[in-house]
Amino acid sequence: MKTQITDINHFAFFRILDILKENCETQHGDETEDIIKYADILNFATASFKFTRIVRDWDKNFYTRLAIHKLYVAPRRNITISLDAMYKTLNAETEEGRKHLVNIITSVVSNPSLRRLKLNNLDAFFYKEHSSFADEILKILQIKCNSKPIELILNIPGREIRNLHGFRNISKLILTASIEISDLEKFCLYNPKLSTLEVNQSHFSDHGKLAQIVPHCSNLKNFKFILDDNARDNDYVRLSRLNRLQKLKILLPEKNENYMEIDIESHEEEDMGMYSEEIGAVSTYTRSIPIFQLLKALHEKEKSTLRELCLGFDIDDEMVQIISKLNELRGLECGFYDPKSVRHFVQHPNLKRLSTLNKASIVTDDYAALLEKQCTVSNLDTKIIFNAKGNLSIFTEKVDILRLGNCESFLKLKNLKKIYVPDKMIKYEESTLDRFLALGVELWNLNPDSYSGQDYSTLLNDSDENT
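So the sequence shown is numbered by the working numbering: it starts at 478 and just counts up by one.
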C-alpha cells in the first residue's frame, strides 16, 4: 500500500518545515517582507486545514507572525484583498518577490468555500505606481473557477476597470470604479445568476446608458445606482422592465452632497412644522425628470414586484402620489419637499416602513394613521414602532418630540397599552406623558436592545401626588 503525504506523522512534518524555513532564509535573505520571504511555508499552510494546524503546532509564534490564520481560506467564506497594502509591500520588492506574492493570491482565491471576494484600494499614490499589478490581480481573480455563485466587490474608485466581463458565476456585484457600460453589459450577459447590482458611478467612459444592461438582467432583484445629472428624460424608463426587481436604490452623485445639505437647511421652517403653502417660492428644489419618468413607468406596469424603494433626495408631491400607487411596496426611504405629502400613504395597502430623510416632525395625524397599520416610521433623528400588541416605542435623541409635535394624534392610537420612551424623555416630558397615564397606558423606560425595561408609571404618579 502506497504512503500518502497525509499519512506522515507530525514530527516528520516539523522536520520538513524546519528545512523549508532554512531554505527560505537562504534563498530570499534579502527580502524584507515575511510574506514574500516565507512564501513556500505560506503555500504549504494554505494547502489544507490539516497543514495549517501542523504549521501552528510546529511554531505558534511563527504562525502568528505570518498571520497564517488570515491566509488559510478553506473555512473562510469572505476574503478582502487590499491593493493598498500590496502596493506598499511591492514598492521595495524584487521581481521574484512579486511572483511569490502573486502565487499566494492565486492560492487564496482558489478556495472552494469562497462566497464573497472584495478588492479594495483607496490610496491613489500607490494605484498610479502599480497599475499593472492591479491589472494582474484582476486577471488572477477572473481565472478563478467558481463552483457556486459568489459576491464580488470592486472598491477601487478613480481606476478604470477593463474586461469586467471576464468574471464568471457572480451573484452580486458592488462596483466602485470607472467602467464602460458596454463592458458592464457583457458582464451581465455572462453572469445570468446576477441578483444584486450596485453601480456607484454616475458616468461611463464610453458615454453609454445604464438601461443597456436590462435585456441581460433577467434575475436581478436588488439594484442601486447613482443618478446621472445629465441624463435625458427617458434614459431610465427601460429599467422598469426589470421584471424581478424587488429593491431599488437611487442616490445623487457625491458632488451634489453639498447641494443636498443646503436644500435641507433651506427647508428648516418646514422641518419645524411650519411648511409654507407656496411651494413655488422655494427655489432650491429641482425635480429629476428621468426619475419621474421611471416612477411613472413602474406604476404603469401590469404587475410590479418592487418591494423596497430608496431615493436619496427630496421628491415633490406629484412624485409622492405616483409612488403611493405602487401597491406592492413594503418599504420607502426618501426626502419630502412637502412634509404633508406623507398623507398619500395613509391608505396604502402594504406599506410597513416609511423613512423620511428630513427632520420634519413625525408626531402627526398622518404618521399616527400609518402606525395604526403597524407601519414603522422614522426621520433623521427619530424612529417610532407600534406593534399589534399595543406597544408604542419611540427611539429618539429629541426629548421634546411629543411636546413639539401633535401629541393628540398619538393619544388616539387604537389599542395603545404601553409606551416605551428614553429615560431623558420621561424626565423632560413628564406633563405630556401624564396624559397617556391618564388613559391607562403603561409607561416604560426604553431599553434600545429590547422592549424590557422599568415601569415608570407609578413613579410619575407618585411625583404628581407630591406636587
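Just so it is clear, CB atoms sit at the ideal spot from N, CA and C, and this is done for glycine as well.
By a beta-carbon distance limit of 8 angstroms, S655 contacts S682. Their separation comes to about 6 angstroms. Ranking L848, A915 and L879 by CA distance to the CA of K891 puts L848 first. V676 is positioned such that its CB atom lies no closer than 8 angstroms to that of L697. For the pair E919 and K889, the CB atoms are not nearer than the 8 angstroms cut-off. Every alpha helix (DSSP H) of 4 residues or more that sits fully in the stretch 658-683 is shown, in chain order, as 658-667. In this structure, the straight-line span from the alpha carbon of Y667 to that of I690 is close to 12 angstroms. For T541, the number of other beta carbons within 10 angstroms of its own is below 16, and it is reported as exposed.
Straight across, the Cα-Cα distance linking N868 with W921 is about 10 angstroms. Taking a contact to require three or more Cβ pairs closer than 8 angstroms, the stretch 526-533 and the stretch 500-512 do not qualify as touching. Among the bridge pairs identified by DSSP, Y897 is matched with S870 and W921. Taking all protein chains shown into account, D660 has 16 or more neighbouring C-beta atoms within 10 Å of its C-beta and is therefore buried. Taking C-beta separations shorter than 7 angstroms and ignoring five residues to either side along the sequence, the partners of I531 in its chain run H487 and F490, following chain order. When the alpha-carbon of D858 is set against those of A774, R492 and F872, the nearest one is in F872.
Look at N646 here: in three-state DSSP terms it is coil, with no helix or strand label. The criterion of a C-beta distance shorter than 8 angstroms is not satisfied by A688 and D705.
Of the candidates L618, L497 and N856, the residue whose Cα lies closest to the Cα of L591 is L618. By the criterion of a C-beta distance shorter than 6 angstroms, T833 is surrounded in its chain by F813 and N856, once the five residues flanking it on both sides are discounted. Nearest to D815 by alpha-carbon distance, out of F539, I839 and G808, is I839. Here DSSP, grouped into helix, strand and coil, assigns R830 to strand. T523 is not bridged by DSSP to any residue.
A distance below 8 angstroms separates the beta carbons of L803 and H776. In its chain, beyond the 5 residues on either side, R807 and C852 have a beta carbon closer than 6 angstroms to the beta carbon of K829. With distances taken between CA atoms, I556 lies nearest to L631 out of L729, L631 and A611. DSSP places S855 in the uninterrupted beta strand (DSSP E) bounded by T853 to S855. Rounded to whole angstroms, the gap between the alpha carbons of D911 and M902 is 12 angstroms. Bounds of the alpha helix (DSSP H) holding N500 are H487 to Q504.
Boundaries cannot be given for E510, as no alpha helix (DSSP H) includes it and DSSP labels it neither H nor E. When C-alpha distances from I703 are compared across H693, L722, R645 and I768, the shortest belongs to I768. 8 angstroms or more divides the Cβ of Q723 from the Cβ of E779. In this structure, DSSP gives T859 an extended state, which the three-state scheme calls strand. Look at N538 here: in three-state DSSP terms it is helix. Residue environment: D495 is assigned as exposed (fewer than 16 neighbouring CB atoms within 10 Å of its CB, all protein chains considered).
Counting only residues of its own chain and dropping the five nearest sequence neighbours on each side, P826 has a CB closer than 6 angstroms to the CB of N804. Judged by DSSP in its simplified three-state form, T782 adopts coil rather than helix or strand. Per DSSP, reduced to three states, the secondary structure at R639 is coil, with no helix or strand assignment.
R880: member of the alpha helix (DSSP H) spanning I878 to L881, first to last residue.
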